[in-house]
Every structure is written in structure tokens, then in C-alpha cells.
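Participant: Per this note's numbering, residue 111 is the first one in the sequence shown, and the count goes up by one each step.
A virtual CB, placed ideally from N, CA and C, is assigned to each residue, including glycine.
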Amino acid sequence: MDRLIIPTLMQTGQQLVSATLIILALLSVYSLAVIGERWWLFRRVKKMSGDIRERVLSLVERGKLGDALAITERQESTIAAVLAAGLHELVLLESANPGLQTGPGVERAALAARESMQRATAAEIVRLELHLTALATLGNVAPFVGLFGTVIGIMRSFEAISRTGSGGLASVSTGIAEALVATAAGLFVAIPAVVAYNHFVSQVKICAGDMDSVGSELLSRFARAAAAAAPAAHAGA
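1. Over what stretch of residues does the alpha helix (DSSP H) that includes residue 183 continue unbroken?
2. Determine the contact status of residue 155 and residue 321, defining contact as a CB-CB distance below 7 angstroms.
3. Grouping DSSP H, G and I as helix and E and B as strand, with all else coil, what is residue 208?
4. Taking just the CA atoms, how far does residue 319 sit from residue 176?
5. Between the beta-carbon of residue 137 and the beta-carbon of residue 248, is there less than 7 angstroms?
6. Taking only three categories from DSSP, how would you classify residue 240?
7. Helix, strand or coil, according to DSSP, for residue 147 in the structure here?
8. On the three-pair Cβ rule with 8 angstroms, is the stretch 178–188 touching the stretch 290–308?
9. Short of 7 angstroms in beta carbon distance, which residues of its chain neighbour residue 260, apart from the five on each side in sequence? Order them along the chain.
10. Alpha carbon to alpha carbon, what distance is there between residue 143 and residue 316?
11. State the DSSP-derived secondary structure class of residue 164, mapped to helix, strand or coil.
12. DSSP on residue 172, reduced to helix/strand/coil?
Shown next as C-alpha cells:
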């Protein structure tokens, strides 16, 4: 078996190194495309979330749930998705009871809103983590793909030595050069992928914290609005 495999690798060594470099080039293009797409997504999410958060919460505190929901439905950020999920449950109470009077109905609506926002948060985290597993895989696999090209290049150098009977630089330079290029190509793919993966994972954690925070704050402001509306409703009665 060794007498068959090794000569075959020696004869096709240059083609194997070339194929390895082509694969690494394709992986690099894919990696950079994912990095660019995720960077743009997180940049857009951060910008939109800062604009919508206080506007919606201010309307909720004043009891204008319908207006707050309308704003969230015009946005596509993670914060807007979570707020919209909660407001869809709370605005039903406002429609049935515009006074937002305190009582079991408010408590049930708040509980339903909390559960809905938790589901929305989980869905948004899945959306933010899209393609990150591919980046992690590239960061782990690319050096080994480059190592394969390195091994083939070194084998070609030994094959040149055995063929010429000389260990001079001229006979081994081609194989060594191919080996070094394959190693460098593997690192070129792996390093940006690993750095970007770690950065995006930290961004997902930040966004998850922001979504949990805004959901809790929504319920707090809704409770204050309901509590403030209750005395006025009793006075009117």
C-alpha cells in the first residue's frame, strides 16, 4: 500500500498543493464575506437600537401603547423585535381597558408579555449567531488544510533530493516554497476568522443583555403607567 500511495503523492504533489491553495482561497473569500455581512448587521443593530429604545419606553410610560407598538413595527432591530413582542400582549389590555387600571388583567398581560419577549430574545440571538459556527470551523480547520499543503511540499523536496541525489538549495527550494506558502495561506484564513468569531460572540452577548434589559424596563414602565392611571380611573368613577 505504501509503495502505491507514496509514489502517487510524489507525482501529483504540485497539483495537490495547487488544489490546497485554491481551497484556502475559496475559504478566505467565504470567511471575509461572512465577516463583512455580520459586521454590517451588528453595526445596523447597534445604531437602530439606540434610536428606538427611549422613544418607545417614553410612550409606554405615558400609557400610549399603540403608538409605541407602531414605532417598533417600523424598525428591524433586535430591541424593536423584543419590544414589539411584549407590546403585542400589552396593547390588547389597552384596547379592552384604555384606563390601564391595575388588577389581575394587568398582571396576566405582564406575564404574557414577559414570556413573549423571552421567546423573541431567543429568536433574535439565533439570528445574530447565524454563520458564526462557520467562522469558528474555518478558524479550526484552515491551519490543518494549510498543513496538508506543507506536508506535500516537504515531501516534494525529499522527492527532489532522491531524484537528483543532491540536497542542494536548487533541488529543494520549490517544495519548501510551496510548503511555506501553504502554511501562510492557512494562517491567513484562520487568524481573521478566529478574531472575528470572538468579536461577534462578544457582540451577541452584549445584544442579549440589552434585550433582557429593555424587556425588564418595558414591564417596569408599563407597571408605573398602570399604577398612575388607577387613581384617575377611581376618581372618575
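Facilitator: Inspection of the coordinates gives the following:
1. 175–183
2. no
3. Residue confidence is low: residue 208 scores 48 on pLDDT, short of 50, so the model does not pin down where it sits. No coordinate-derived value is stated.
4. 26 angstroms
5. yes
6. coil
7. helix
8. no
9. 289, 292 and 293
10. 23 angstroms
11. helix
12. coil
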